[in-house]
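If you're matching them up, the sequences are chains A and B in order. If you read the first sequence in numbering that gives the first Met the number 0, its first letter stands for residue 0, the second for the next number, and so on. If you read the second sequence in numbering that gives the first Met the number 0, its first letter stands for residue 0, the second for the next number, and so on. Cβ coordinates follow ideal geometry from the N, Cα and C atoms, glycine included. Just so you know, these numbers come straight off a predicted model, no measurement behind them. This report refers to the structure that appears directly beneath it.
2 protein chains.
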Amino acid sequence: MQDQAVADVTHKDMANAIRALAMDAVQKANSGHPGMPMGMADVATVLFTQFLKFDAAHPEWPDRDRFVLSAGHGSMLLYALLYLTGYPDMDIGEIERFRQLGARTAGHPEYGHAPGIETTTGPLGQGIGNAVGMALAERLQNAHYGDDIVSHFTYCLAGDGCLMEGISQEAISFAGHLKLGRLIVLFDDNQISIDGSTDLAVSDDQLQRFGASGWHTAAVDGHDAEAVALAIENARNVTDQPSIIACRTVIGYGAPNKQGTSSTHGSPLGDEEIAGAREALGWPHPPFVVPDEILAVWREAGQRNRAAFDRWTEAAGKLDADERTHLVDPVDTKVAAAISEAVAGIKADFAAEGAKLATRQSSQKVLERLVPVVPGLVGGSADLTGSVGTLTKQHGIVKTGDFSGNYIHYGVREHAMGAAMNGMALHGGIVPYSGTFLVFSDYCRPAIRLSALMEQRVVYVMTHDSIGLGEDGPTHQPVEQLAALRAIPNLNVMRPADSVECAECWDIALKSKSSPAIMTLTRQGLPLLRTAPTNENLCAKGAYVLIEPDGARDVTLLATGSEVSLAVEAAKLLGGEGVNAAVVSMPCWELFEAQEPAYKDAVLGSAPRVGVEAAVEFGWQEWLGPKGAFVGMRGFGASAPAGELYKHFGITPEAVAAAARELIV
Amino acid sequence: MQDQAVADVTHKDMANAIRALAMDAVQKANSGHPGMPMGMADVATVLFTQFLKFDAAHPEWPDRDRFVLSAGHGSMLLYALLYLTGYPDMDIGEIERFRQLGARTAGHPEYGHAPGIETTTGPLGQGIGNAVGMALAERLQNAHYGDDIVSHFTYCLAGDGCLMEGISQEAISFAGHLKLGRLIVLFDDNQISIDGSTDLAVSDDQLQRFGASGWHTAAVDGHDAEAVALAIENARNVTDQPSIIACRTVIGYGAPNKQGTSSTHGSPLGDEEIAGAREALGWPHPPFVVPDEILAVWREAGQRNRAAFDRWTEAAGKLDADERTHLVDPVDTKVAAAISEAVAGIKADFAAEGAKLATRQSSQKVLERLVPVVPGLVGGSADLTGSVGTLTKQHGIVKTGDFSGNYIHYGVREHAMGAAMNGMALHGGIVPYSGTFLVFSDYCRPAIRLSALMEQRVVYVMTHDSIGLGEDGPTHQPVEQLAALRAIPNLNVMRPADSVECAECWDIALKSKSSPAIMTLTRQGLPLLRTAPTNENLCAKGAYVLIEPDGARDVTLLATGSEVSLAVEAAKLLGGEGVNAAVVSMPCWELFEAQEPAYKDAVLGSAPRVGVEAAVEFGWQEWLGPKGAFVGMRGFGASAPAGELYKHFGITPEAVAAAARELIV
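This is the structure we're talking about:
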């Protein structure tokens, strides 16, 4: 390649490289979304060549700017950028294998598939929530590590679809409240949705809406590179407000007949239209070929922050070794040991005190011990702080302009809370947990699913986990949420039976680096069952024998959470009649599932089984066996004091004993 | 009582009656939320005595104004109003039994518990979505019936919590787009949330935000009755924009020490504080006693629209009898018969044509026949119209200012779509259905749950129901959603195996007045399996034997939807080896569950069973028996063409046959 040729490469050439790769990859896959990458190619080129702080050779640089493609269907934009700037693992072969089995270039960006993919997106609006979490994580880490170590921007590309989803409002409102000035949203204002013009369904003045939440706003022609650059520069200079730049673009820019229409959104353009686009764009090169001189300029952009990276490396080298580790991995071996010690201590205290506590209270006591030993442990709640026990005396509150704390008032925004926690976990250095009522897991379920899919350590504290919630009634009483959450792959749904189990479940949750956890906790007080002290984490196997009768089992009672104590009572009743009942506590089905068959068989036993849970039976059949019985809910709950509800719905020791008797006869 | 005493009753007396009932009922229950009713008592008094068109003696008046208490935790406000205005079934005893088992006065308003409770609220933000649906239903019915029959307002009382939830933005944006001028939101602007001052978590300029979506906005002192009345009057006069009135109130108004603080939000005030409030408010009367003269004025207000009701009754009397029925009940006996006929016709056509169709296509063809015969059948989609097949040639599009159509572009707003459909169904006269991808059922799950809890006929069309979606990948491929939906009580989750089953499922969904339905449909084409024509609705029993082998069964293959054809292929493979395999199609587990044991036993048989579904196994154990096998998904999907994914994940006729062989050996 010649230097002159390189010097002649224009912004337009570089943006067209993205457009061509996008339309050609979608065409070859015969599936995908060319419209957004072609429309946003100019904006992305400006961002990646002039502003985004990254080094393609060091994609894990902790202080890199984060780029979140919230409009994940435009995945080819990201893949093209990663290829062009020279990220590892993203060669042209991957671009050609777009959307094929085993390719890194999945239909939507999948976290973990390739360096540079900061988060999994596609479900609309999630990326905005992730970006808010990342921008918040940056400020939290900055408060701890200072400007030399943590000081970066978070950019988020979002479309009309993202902005129509309710989660976007929660995220926008939350970010505006916290004045996350290093968050910049690039809005692909193409005025086209899948059904056609956005006029069909939306008339919002988006900038006014963002302005109402305290954002800095700007609007530019998204194909005017200089205007885009100026707008980004201005946004970066506004440090006390998050920024949105509405980039007016033409979807499918360059496609002679289809540009500006919804037909470019989610389908290949077709060979003829692509030929026309090549002509219109002035891109005569064959599919998947980017001329050397253009690629060279892109690759150069991929290394343009090398000096900054080197400076950062030097600064980071001066950090204490533990601090350096915790910058990205808060739970290293040393911290894991400290967690074990703290948990052992509180277990011993719980056993010694023998107090009747709601598990939401036990959880708070456990957190009281854990907050000081886990760096980056950041709590919060969706406006139910007092109810869910997520705040301890060890916490400082995160406030607008003061990010030295470690507790977040997320507001009544469960969905953005989940998405922000995902972003914080993805950012690195943070172990986020936060709470609401279990029934409202439904409000953040898409975010929970993404925690699981992305294998992120995010802990959802979900209290008031049954009809034990009482008077608030069926709208607030979960009956199907346990089943619905257990159905999600790679999610540890934990339902501790008492204080000791609660401590053990926290131990598991914090050490599970690749799985999120749901801590389902009671509103009502529960007796201490685990009175015999042990350092072993009995919950780690998911289920274990809590009571083994003298003599062969006549029946095995399986229960979780608040119903384990009912099973224990039932076992006593049965024991009084000479019936040998074992009690098995099953705090985490997923972990039990993963045990060896021999262990599972031993725990479950061969006697008839009765399942007890104040929830629907759905899913329990796996454990009950052919002759099993179930004591639980048959439908929605009701409004009344909790004790009355347990009686009303027949979830009592007497009912469990009766069910057992029927099986034995 | 004396006329003079009645004449002396002031606005303040009337509002205080609400306050006293609220604080006393919460105190007696020792549970509940006094703050909101006490804060909004003035606004509610103005609304119910001067504006709300209702007649307490005729709570089912179809043209009544709708009042939605979106801030459902303030349920005592509603119960007090119903009691004071003289609604049936709401005597003082019910108020005294607040939050007790069997009372009509549940912790949150429960639809069906008493006349005047227009919807179940409590999960925040849902009521705003319901109200938007009701206001839309009003316009749709108005376009058909005219002003004399349908012409009413919808009022919605919402708090900070409602406005923080993302669903509120979707609903606000949608209502603003459609210019629903007869929707008036009364915002309880008390600046207090559960965690404390709203300053902790939110800084939005709410009126600017609503303004950005085209709403008329106003702000008033919520304790100034005249100002409130003027603002409501103004809002009513703005007919081409929905309106929000921010009512600045003091939460717990009247409680001398606690008012204006979060401590009044969700706990009893305590005897001492209540005594102080009595004094401060000038309400010396004992708990649950409303002086006759004050009650008389309230009761008078409850009948003040009697003349309007009589005029309406006269006008409605002139309607054609069918039209009169369909105003509230679109699927009467006659229409049910027409549905049966249309379904029989399309089933015969499907059988005759024998085409390979995706069930989303079959569904569209079925709708093509149903739209003309079901009055009030209103379709829509969350910006996936072309993909989900919800629009037919029979539809007209509902547009801003033109409500003569019957198809709605909901935008990318799944959650508000669900809540609006609930509102439309609750309003009466509308059978709403609408579509998105099955994986996005997670985005509207709280609304689906409320459809089920409220027993409303709402049909969710959920397509792309498995890895058969293909290249879009795991973010868009449902694997756990079928299980998660099946776990919800009173929800018919239907997964038809071919065109004929699809028609039968629609027949069931439209005739199920008290259950919502999920129609899960394929993206990919499916062969016709039900080639033998029958008028019987085989899906109505939830599961049935599709193929019974000659001779005793060696194995029974159980499958749903797109996997039934795989089971049929597997049965052929097995048959070639002399293995007798039955195939059972299970389009709706919930309906099958409800059958007599004898039927279920006959269908399931005593041979070993193999379950086949391109989803997680969770929940299948109920049907598989102790020695059963399952062929399906073990985790999340992947991005690739659908056919390759089925092979990759081992969901093939060969795999099913192999699983069967293993069971038999």
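Task: Any chain A beta carbon closer than 8 Å to ASP441 of chain B - done: Chain A, which has a Cβ nearer than 8 Å to the Cβ of ASP441 of chain B, makes this yes.
TODO: Return the chain-ordered ranges of every beta strand (DSSP E) run that is complete within the stretch 363 to 426 of chain A and spans a minimum of 3 residues.
DONE: 376 to 380, 406 to 408
Open item on the list: If you measure between the beta carbons of THR248 of chain A and GLY221 of chain A, is that distance less than 8 Å?
Closed with: yes
Task: Of the listed residues B:LYS571, B:ARG138, B:LEU525, B:LEU77, nearest to PHE97 of chain B (C-alpha basis) - done: B:LEU77
Task: is_contact[ARG685 of chain B, chain A] using C-beta, thresh 8 Å - done: What is shown of chain B runs 0 to 664, which leaves residue 685 of chain B out entirely.
Task: CB of ARG494 of chain B within 8 Å of CB of THR389 of chain B, strictly - done: no
Task: Residue-level contact to chain B via CB, ALA105 of chain A, 8 Å cutoff - done: yes
- [ ] Could you check if GLN480 of chain A is buried or exposed, using at least 16 other CB atoms within 10 Å of its CB as the buried criterion?
- [x] buried
Task: Within chain A, the residues that ALA551 of chain B reaches when beta carbons sit closer than 7 Å - done: Close partners of ALA551 of chain B in chain A (Cβ separation under 7 Å) are lacking, with about 21 Å as the shortest Cβ gap.
- [ ] Output, in sequence order along the chain, the residues in the stretch 72 to 83 of chain B whose CB is closer than 7 Å to any CB in chain A.
- [x] Residues: none.
TODO: Report the option in B:TYR144, B:LEU80, B:GLY106 whose CA atom is closest to the CA atom of GLY375 of chain B.
DONE: B:TYR144
Task: Minimum Cβ-Cβ distance from ASP54 of chain A to chain B less than 8 Å - done: no
Task: Beta-carbon proximity list for VAL397 of chain A, same chain, < 6 Å, skipping 5 on both sides - done: GLY404, ILE407
Open item on the list: If we define contact as Cβ-Cβ less than 8 Å, is SER172 of chain A a contact residue for chain B?
Closed with: yes
TODO: Can you give me the start and stop residues for the beta strand (DSSP E) that ALA581 of chain A sits inside?
DONE: 580 to 584
Task: Sheet register partners of GLU612 of chain A (DSSP bridge) - done: A:GLY631
Task: Residue range of the unbroken alpha helix (DSSP H) whose run includes TYR144 of chain B - done: 125 to 144
Task: Whole-Å CB distance - ILE244 of chain B paired with LEU185 of chain B, under 8 Å assumed - done: 6 Å
Open item on the list: Applying the 10 Å Cβ sphere with the 16-neighbour rule, what's the burial state of ARG633 of chain A?
Closed with: exposed
TODO: Starting from PHE349 of chain A, follow the alpha helix (DSSP H) in both directions and report where the run begins and ends.
DONE: 332 to 352
- [ ] May I ask you to report which of helix, strand or coil DSSP gives ASN236 of chain A?
- [x] Of the three classes helix, strand and coil, the one that applies to ASN236 of chain A here is helix, per DSSP.
Task: Cβ shell of ALA4 of chain B (< 6 Å), same chain only, five flanking positions each side left out - done: The residues are GLU292.
Task: Proximity to PRO371 of chain A [Cα-Cα], best of A:VAL342, A:SER386, A:ARG18 - done: Ranking A:VAL342, A:SER386, A:ARG18 by Cα distance to PRO371 of chain A puts A:VAL342 first.
Task: Beta-carbon spacing of ALA224 of chain A, VAL8 of chain A below 8 Å - done: no
- [ ] Can you give me the start and stop residues for the beta strand (DSSP E) that PHE66 of chain A sits inside?
- [x] In the DSSP assignment, PHE66 of chain A falls within the unbroken beta strand (DSSP E) covering 65 to 68.
Open item on the list: Suppose contacts are defined by Cβ-Cβ distances below 8 Å. Is GLU117 of chain B in contact with VAL67 of chain B by that definition?
Closed with: yes
- [ ] Return the residue from the list A:ARG529, A:LEU383, A:ALA381, A:VAL377 that minimises the CA-CA distance to GLN393 of chain A.
- [x] A:VAL377
Task: Neighbour flag for PRO686 of chain A against chain B, beta carbons, 8 Å - done: Residue coverage of chain A in this structure runs from 0 to 664, which leaves residue 686 of chain A outside it and unanswerable.
Task: GLN99 of chain A versus ARG444 of chain A: straight-line alpha-carbon distance, rounded - done: If I take the Cα positions, the gap works out to 28 Å.
Open item on the list: With the cut-off set at 8 Å, would you say PRO122 of chain B and THR474 of chain A are in Cβ contact?
Closed with: yes
Open item on the list: Our contact map puts GLY541 of chain A next to LEU590 of chain A with C-beta atoms below 8 Å; I'd like the distance itself, whole angstroms only.
Closed with: 3 Å
- [ ] Note the first and the last residue of the continuous alpha helix (DSSP H) segment covering ILE466 of chain B.
- [x] Careful: ILE466 of chain B lies outside any alpha helix (DSSP H) and carries neither H nor E.
Open item on the list: So MET163 of chain A contacts chain B; which residues on that side make the cut at Cβ distance below 8 Å?
Closed with: GLU169, SER172, ASP382, GLY410, VAL411, ARG412
Task: Close-in-space but distant-in-sequence residues of the same chain around PRO586 of chain A (CB under 8 Å, 5 per side omitted) - done: Cβ within range, chain order: MET493, ARG494, PRO495, ALA496, GLU500, GLU503, CYS504, CYS538, GLY541, ALA542, THR559, GLY560.
Open item on the list: Using the Cβ count rule (16 or more neighbours within 10 Å means buried), how would you classify SER261 of chain A?
Closed with: buried
Task: Integer-rounded CB distance, given that VAL554 of chain A should sit under 8 Å from VAL609 of chain A - done: 6 Å
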